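Since the structure comes first, as C-alpha coordinates, the remarks are kept for the end.
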Amino acid sequence: MTEGISEGNLEGTPEARHENTAPYTDAARARLATAFEACDLADLARAAVPIGEHELLPDGTVRSPGSVLAEAAQVLASARRLLEAAAVFERIGGASWQLIGDILGVEARSARVRFALAEAQVREELRRPERAGPQAVEAGWWRTYATGAPLEAARDLDDWVLRHADADGEGGGDGDGDSGLGTAPVSGGLVRAEPRRPTQRSR
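Letter by letter, the sequence shown follows residues 45 to 247 in our numbering.
Given below as C-alpha coordinates:
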(Lines of atoms letter the chains of each structure in order from A and count residues from 1; the text may use other names and numbers.)
(Lines give C-alpha, C1' and ligand atoms only; values in the text may rest on other atoms or scores of the structure.)
Protein backbone atom coordinates (compact mmCIF):
# COMPACT_ATOMS: atom_id res chain seq x y z
CA MET A 1 0.00 0.00 0.00
CA THR A 2 1.27 3.48 -0.79
CA GLU A 3 2.92 4.98 2.29
CA GLY A 4 0.87 7.61 4.06
CA ILE A 5 -2.20 7.14 1.87
CA SER A 6 -5.02 5.15 3.38
CA GLU A 7 -7.71 3.33 1.52
CA GLY A 8 -10.52 5.80 1.03
CA ASN A 9 -14.20 5.18 1.47
CA LEU A 10 -14.99 2.97 -1.49
CA GLU A 11 -18.51 2.29 -0.39
CA GLY A 12 -21.67 4.13 -1.33
CA THR A 13 -24.45 3.85 -3.80
CA PRO A 14 -23.82 3.89 -7.54
CA GLU A 15 -25.64 7.21 -7.69
CA ALA A 16 -23.32 8.75 -5.09
CA ARG A 17 -20.25 7.49 -6.89
CA HIS A 18 -21.47 8.84 -10.21
CA GLU A 19 -22.12 12.24 -8.66
CA ASN A 20 -18.63 12.24 -7.20
CA THR A 21 -16.89 11.42 -10.48
CA ALA A 22 -19.04 13.35 -12.96
CA PRO A 23 -17.36 16.78 -12.55
CA TYR A 24 -13.98 15.61 -13.86
CA THR A 25 -12.92 14.68 -17.38
CA ASP A 26 -11.86 11.15 -18.18
CA ALA A 27 -8.37 12.44 -18.91
CA ALA A 28 -8.20 14.05 -15.46
CA ARG A 29 -9.14 10.82 -13.73
CA ALA A 30 -6.75 8.78 -15.88
CA ARG A 31 -3.97 11.23 -15.03
CA LEU A 32 -4.83 10.85 -11.36
CA ALA A 33 -4.50 7.07 -11.67
CA THR A 34 -1.08 7.61 -13.24
CA ALA A 35 -0.11 9.85 -10.34
CA PHE A 36 -1.04 7.10 -7.88
CA GLU A 37 1.18 4.66 -9.75
CA ALA A 38 4.06 7.15 -9.64
CA CYS A 39 3.50 7.60 -5.91
CA ASP A 40 3.59 3.86 -5.33
CA LEU A 41 6.75 3.50 -7.41
CA ALA A 42 8.46 6.29 -5.48
CA ASP A 43 7.65 4.67 -2.14
CA LEU A 44 8.93 1.29 -3.30
CA ALA A 45 12.14 2.81 -4.65
CA ARG A 46 12.71 4.75 -1.42
CA ALA A 47 12.27 1.58 0.61
CA ALA A 48 15.01 -0.13 -1.40
CA VAL A 49 17.63 2.53 -0.59
CA PRO A 50 18.52 1.88 3.10
CA ILE A 51 20.96 -0.90 3.94
CA GLY A 52 19.86 -2.78 7.03
CA GLU A 53 22.12 -2.72 10.08
CA HIS A 54 22.51 -6.51 10.06
CA GLU A 55 21.84 -7.08 6.36
CA LEU A 56 25.51 -7.73 5.47
CA LEU A 57 27.51 -10.32 7.39
CA PRO A 58 31.27 -10.22 8.16
CA ASP A 59 31.89 -13.41 6.21
CA GLY A 60 30.77 -11.72 2.99
CA THR A 61 27.33 -13.30 2.83
CA VAL A 62 23.95 -11.72 3.45
CA ARG A 63 21.43 -12.44 6.16
CA SER A 64 18.42 -12.77 3.85
CA PRO A 65 19.44 -14.02 0.40
CA GLY A 66 17.10 -12.82 -2.34
CA SER A 67 15.47 -10.01 -0.36
CA VAL A 68 17.14 -7.17 -2.27
CA LEU A 69 16.32 -8.79 -5.59
CA ALA A 70 12.70 -9.21 -4.47
CA GLU A 71 12.54 -5.49 -3.67
CA ALA A 72 14.00 -4.66 -7.08
CA ALA A 73 11.43 -6.91 -8.75
CA GLN A 74 8.66 -5.02 -6.94
CA VAL A 75 10.07 -1.72 -8.17
CA LEU A 76 10.25 -3.02 -11.74
CA ALA A 77 6.67 -4.30 -11.62
CA SER A 78 5.52 -0.95 -10.27
CA ALA A 79 7.39 0.87 -13.05
CA ARG A 80 5.61 -1.28 -15.61
CA ARG A 81 2.25 -0.39 -14.06
CA LEU A 82 3.19 3.28 -14.24
CA LEU A 83 4.12 2.91 -17.91
CA GLU A 84 0.80 1.21 -18.65
CA ALA A 85 -1.17 3.86 -16.78
CA ALA A 86 0.70 6.61 -18.62
CA ALA A 87 0.00 5.02 -22.00
CA VAL A 88 -3.70 4.70 -21.15
CA PHE A 89 -3.78 8.32 -20.01
CA GLU A 90 -2.21 9.48 -23.26
CA ARG A 91 -4.74 7.50 -25.25
CA ILE A 92 -7.66 8.92 -23.29
CA GLY A 93 -6.15 12.35 -23.80
CA GLY A 94 -6.19 11.88 -27.57
CA ALA A 95 -2.77 10.46 -28.44
CA SER A 96 -2.54 8.12 -31.41
CA TRP A 97 -0.99 4.67 -31.27
CA GLN A 98 1.64 6.00 -33.65
CA LEU A 99 2.70 8.67 -31.15
CA ILE A 100 2.82 6.19 -28.29
CA GLY A 101 4.84 3.77 -30.40
CA ASP A 102 7.27 6.51 -31.42
CA ILE A 103 7.87 7.52 -27.80
CA LEU A 104 8.50 3.91 -26.76
CA GLY A 105 10.54 3.07 -29.85
CA VAL A 106 8.15 0.43 -31.15
CA GLU A 107 5.70 0.17 -34.01
CA ALA A 108 2.20 1.53 -33.53
CA ARG A 109 0.77 -1.98 -33.85
CA SER A 110 3.04 -3.26 -31.06
CA ALA A 111 1.99 -0.40 -28.81
CA ARG A 112 -1.65 -1.17 -29.48
CA VAL A 113 -1.22 -4.86 -28.72
CA ARG A 114 0.54 -4.01 -25.48
CA PHE A 115 -1.87 -1.42 -24.10
CA ALA A 116 -5.24 -1.71 -25.88
CA LEU A 117 -6.78 -4.10 -23.34
CA ALA A 118 -5.76 -1.90 -20.41
CA GLU A 119 -7.20 1.11 -22.21
CA ALA A 120 -10.52 -0.64 -22.79
CA GLN A 121 -10.72 -1.70 -19.14
CA VAL A 122 -10.02 1.79 -17.84
CA ARG A 123 -12.49 3.40 -20.23
CA GLU A 124 -15.18 1.03 -18.97
CA GLU A 125 -14.33 1.82 -15.35
CA LEU A 126 -14.48 5.54 -16.07
CA ARG A 127 -17.79 5.19 -17.84
CA ARG A 128 -19.39 3.02 -15.15
CA PRO A 129 -17.29 3.18 -11.96
CA GLU A 130 -19.96 1.39 -9.95
CA ARG A 131 -19.44 -1.70 -12.11
CA ALA A 132 -15.65 -1.89 -12.02
CA GLY A 133 -14.66 -5.43 -12.91
CA PRO A 134 -12.13 -7.82 -11.34
CA GLN A 135 -9.34 -6.16 -13.31
CA ALA A 136 -9.76 -3.03 -11.21
CA VAL A 137 -9.55 -5.07 -8.02
CA GLU A 138 -6.38 -6.75 -9.25
CA ALA A 139 -4.92 -3.35 -10.14
CA GLY A 140 -5.35 -2.29 -6.53
CA TRP A 141 -7.65 -0.34 -4.25
CA TRP A 142 -6.17 2.93 -5.52
CA ARG A 143 -7.72 2.58 -8.99
CA THR A 144 -11.21 2.14 -7.60
CA TYR A 145 -10.51 4.99 -5.20
CA ALA A 146 -9.23 7.35 -7.91
CA THR A 147 -12.12 6.49 -10.21
CA GLY A 148 -14.86 6.65 -7.60
CA ALA A 149 -13.62 9.54 -5.44
CA PRO A 150 -11.16 11.55 -7.55
CA LEU A 151 -11.09 14.73 -5.47
CA GLU A 152 -10.52 12.87 -2.21
CA ALA A 153 -7.84 10.74 -3.85
CA ALA A 154 -6.14 13.80 -5.33
CA ARG A 155 -6.07 15.53 -1.95
CA ASP A 156 -4.36 12.49 -0.46
CA LEU A 157 -1.71 12.85 -3.15
CA ASP A 158 -1.46 16.58 -2.43
CA ASP A 159 -0.45 15.69 1.12
CA TRP A 160 2.01 13.07 -0.11
CA VAL A 161 3.73 15.44 -2.55
CA LEU A 162 4.01 18.30 -0.05
CA ARG A 163 5.21 16.04 2.76
CA HIS A 164 8.01 14.60 0.64
CA ALA A 165 8.92 17.96 -0.90
CA ASP A 166 9.33 19.47 2.57
CA ALA A 167 11.34 16.47 3.78
CA ASP A 168 13.65 16.61 0.77
CA GLY A 169 13.99 20.39 0.80
CA GLU A 170 12.82 20.54 -2.81
CA GLY A 171 10.39 22.71 -4.71
CA GLY A 172 12.07 26.10 -4.40
CA GLY A 173 10.48 26.94 -1.06
CA ASP A 174 11.82 29.27 1.61
CA GLY A 175 12.81 26.46 3.96
CA ASP A 176 9.91 27.10 6.32
CA GLY A 177 7.61 24.39 4.97
CA ASP A 178 6.75 26.29 1.79
CA SER A 179 7.61 23.84 -0.99
CA GLY A 180 6.82 26.27 -3.78
CA LEU A 181 4.32 23.76 -5.17
CA GLY A 182 1.25 25.49 -3.81
CA THR A 183 -1.26 23.80 -1.54
CA ALA A 184 -2.77 21.55 -4.21
CA PRO A 185 -0.02 20.20 -6.49
CA VAL A 186 -2.24 17.33 -7.65
CA SER A 187 -5.87 18.28 -7.09
CA GLY A 188 -5.21 21.77 -8.42
CA GLY A 189 -4.46 20.33 -11.85
CA LEU A 190 -7.68 18.36 -12.22
CA VAL A 191 -10.03 19.67 -14.89
CA ARG A 192 -13.78 19.54 -14.64
CA ALA A 193 -15.85 18.45 -17.61
CA GLU A 194 -17.91 21.09 -19.34
CA PRO A 195 -21.60 20.71 -18.47
CA ARG A 196 -23.75 19.45 -21.27
CA ARG A 197 -25.92 22.13 -22.71
CA PRO A 198 -29.59 21.18 -23.06
CA THR A 199 -30.66 20.85 -26.66
CA GLN A 200 -33.45 23.11 -27.80
CA ARG A 201 -36.43 21.37 -29.21
CA SER A 202 -37.81 22.73 -32.42
CA ARG A 203 -41.34 24.06 -32.16
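Glycine is no exception: its CB is placed at the ideal position from the N, C-alpha and C atoms. A quick note: this is a predicted structure, and the numbers were derived from the prediction, not measured.
Reference residue i; option with closest CA among the options
{"i": "Gly-224", "options": "Ala-121, Pro-102, Arg-236, His-208", "result": "His-208"}
{"i": "Ala-77", "options": "Gly-145, Val-119, Ser-231", "result": "Ser-231"}
{"i": "Ser-110", "options": "Asp-103, Asp-70, Ala-92, Arg-153", "result": "Inspection of the sequence shows that residue 110 is occupied by Gly rather than by Ser. The shortest Cα separation from Gly-110 among Asp-103, Asp-70, Ala-92, Arg-153 belongs to Ala-92."}
{"i": "Glu-168", "options": "Thr-188, Asp-103, Ala-152, Arg-153", "result": "Thr-188"}
{"i": "Leu-85", "options": "Asp-146, Ser-154, Trp-204", "result": "Trp-204"}
Exposure label - residue i; buried when at least 16 CB within 10 Å
{"i": "Asp-212", "result": "exposed"}
{"i": "Arg-73", "result": "buried"}
{"i": "Thr-227", "result": "exposed"}
{"i": "Glu-128", "result": "buried"}
{"i": "Thr-229", "result": "Residue identity differs from the one stated: residue 229 is Pro in this sequence, not Thr. Under this definition Pro-229 is a buried residue."}
{"i": "Arg-124", "result": "exposed"}
{"i": "Asp-146", "result": "exposed"}
{"i": "Asp-200", "result": "buried"}
{"i": "Asp-218", "result": "Here the model assigns Asp-218 a pLDDT of 48, short of 50, so the residue's position is not dependable, and the following value carries that caveat. Classification for Asp-218: exposed."}
Spatial neighbours of residue i in its chain, beta-carbon cut-off 6 Å, leaving aside the 5 residues before and after
{"i": "Pro-249", "result": "The requested residue 249 does not occur in the structure, where the chain is confined to residues 45 to 247."}
{"i": "Ala-71", "result": "Ile-136, Gly-137"}
{"i": "Phe-80", "result": "Trp-186, Ala-190"}
Residue i versus residue j: straight-line alpha-carbon distance, rounded
{"i": "Val-166", "j": "Arg-135", "result": "11 Å"}
{"i": "Ile-144", "j": "Val-150", "result": "8 Å"}
{"i": "Leu-120", "j": "Arg-172", "result": "30 Å"}
{"i": "Glu-97", "j": "Cys-83", "result": "27 Å"}
{"i": "Leu-234", "j": "Ser-122", "result": "23 Å"}
{"i": "Ala-152", "j": "Ala-139", "result": "11 Å"}
{"i": "Asp-202", "j": "Ala-89", "result": "19 Å"}
{"i": "Leu-148", "j": "Leu-126", "result": "14 Å"}
{"i": "Val-112", "j": "Glu-238", "result": "48 Å"}
{"i": "Ile-95", "j": "Leu-170", "result": "41 Å"}
{"i": "Gln-118", "j": "Thr-69", "result": "31 Å"}
{"i": "Gly-104", "j": "Arg-158", "result": "42 Å"}
{"i": "Pro-102", "j": "Ala-116", "result": "24 Å"}
Proximal residues to residue i (C-beta, below 7 Å), its chain only, five neighbours per side dropped
{"i": "Arg-156", "result": "Trp-141"}
{"i": "Ala-114", "result": "none"}
{"i": "Leu-100", "result": "Val-106"}
{"i": "Ala-198", "result": "Leu-76, Val-230, Ser-231, Leu-234"}
{"i": "Ser-154", "result": "Gly-145"}
Contact set for residue i: own chain, Cβ-Cβ below 8 Å, skip 5 residues either direction
{"i": "Ser-108", "result": "Glu-99"}
Any C-beta of chain B under 7 Å from that of residue i
{"i": "Ala-190", "result": "Here there is only one protein chain, and chain B is not present."}
Quick check: the segment 119-135 against the segment 150-165, are at least 3 beta-carbon pairs closer than 8 Å?
yes
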